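Mapping to this note's numbering: the sequence shown position 249 is 252, numbers consecutive. Built from N, CA and C at the ideal position, the CB exists for glycine as well. As the structure is a prediction and not an experimental result, all values here were calculated from the model.
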Amino acid sequence: MGKLKGKSAIVTASAGAGIGQTVARTLAREGANVVISDAHAKRPYTVAEELSGTYGVKCLPFRCDVTNREDVESMVEMACDEFGRIDILVNNAGIDRPEPVWEMSDETWNLVMDVNLKGAFYCCRAVLPIMIKQRYGKIVNLSSVVAWTGGEEDGAAYIAAKAGIQGFTRAVAHQVGKYNINVNAVAPGLAFNPFLSKLRPREYFEKIRSNFVIKRDGIPQDIANAILFLVSDDADYITGECLCVSGGWFMH
Ligand SMILES: NC(=O)c1ccc[n+]([C@@H]2O[C@H](COP(=O)([O-])OP(=O)(O)OC[C@H]3O[C@@H](n4cnc5c(N)ncnc54)[C@H](O)[C@@H]3O)[C@@H](O)[C@H]2O)c1
């Protein structure tokens with residue numbers, strides 16, 4: 004406990020029931036002040052209040068659609084005004100629209116690429132001048148094992164975007180290493196949350212479970228633990244990497 008005392012963080016899409024909120028909770032538990040940022044209008048307020056009350060840190064709600072440049076820039080400005088610095092950025096926002104590529108509309112392709120990939124670009128572009136000035140920063144971008152496997156029934160846009168996140172991570176890591184900024188990615192396998200079971204048929208999960216070496220489903224806390232390591236000073240000498248957290252579903 005207290006690994007991130009005095010640090011401040013932004014976690015995008017952190018008001019849902021999955022990885023984002025669990026990451027925000029884990030960073031708050033470790034003493035960081037956290038911006039609870041999400042496209043949802045109301046949920047960031049509830050989550051921020053709960054986390055501030057539980058962990059005694061400052062959690063600030065902010066409605067931010069990561070595909071909207073103005074939203075992202077206002078969020079970063081607010082975080083900087085309130086916290087004085089931004090040490091950690093977790094680009095968690097991501098959506099999938101599983102449709103066969105020959106039926107995929109321009110709108111689906113653009114939306115999925117925008118949320119998963121352009122959102123990470125917008126957030127990095129807004130936060131990096133601050134981190135460069137501080138000569139300190141930790142960024143983690145969310146990829147997925149399907150970037151390697153090609154997916155089970157995931158959409159081509161999602162897989163392209165999650166593979167793109169890995170290239171983007173390496174490119175940014177190269178550019179900012181000299182400013183003492185680490186940029187890494189985490190690739191979850193399955194991190195089960197209640198919404199996923201509504202999105203996919205039971206057979207989908209049974210098929211992917213057969214690949215797990217560790218014979219249980221992943222949970223959001225498994226991913227948050229890996230992200231906590233990467234944003235902590237224990238990972239100071241790690242950059243440009245993509246850490247796969249999939250219970251051995253995919254090994255590379
Ligand atoms: N859950 C998994 O099994 C799994 C597997 C591989 C990769 N991932 C990746 O991990 C990340 C988190 O996934 P999760 O399923 O745990 O969901 P999550 O609970 O972390 O995120 C859901 C939240 O995202 C918000 N959101 C949606 N579009 C947004 C936008 N444009 N801007 C800001 N917020 C937006 C929603 O309002 C919701 O509150 C995603 O990038 C996902 O692609 C998840």
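DSSP places Gly221 in the strand class (E or B) of the three-state scheme.
Asn144 places its beta carbon less than 8 Å from that of Ile168. By alpha-carbon distance to Asn94, the top candidate from Ile13, Gly221, Lys8, Leu114 is Ile13. Distances from the CA of Gly221 to each of Lys6, Lys8, Gly5, Thr25 were compared; the closest alpha carbon is that of Thr25. Across the structure, Gly192 and Gly122 are spaced so that their CA atoms are roughly 21 Å apart. The stretch 111-118 makes contact with the stretch 149-161: 3 or more CB pairs, one atom from each, lie closer than 8 Å. A distance criterion of 7 Å places the beta-carbon of Arg46 in contact range of ligand 1, judged by its closest non-hydrogen atom. Secondary structure within the stretch 39-90: the beta strand (DSSP E) runs of 3 or more consecutive residues, fully enclosed, are 62-66 (chain order). A check of alpha carbon separations from Lys165 across Cys126, Asn185, Val118 identifies Val118 as the nearest. In the DSSP assignment, the residues bridged to Lys141 are Ile91, Asn185. Restricting attention to Ser40, Gly34, Arg66, Phe65, the CA atom closest to the CA of Gly56 is found in Gly34. Remark: C-beta atoms of Met134 and Ile98 do not approach each other more closely than 8 Å. For a cut-off of 8 Å, the C-beta gap from Ile217 to Gly170 is around 28 Å, too long to register as a contact.
Residue state for Val234 is assigned as helix, using DSSP reduced to three classes. Following the DSSP letters along the chain, one finds Ser11 inside the beta strand (DSSP E) bounded by residues 11-14.
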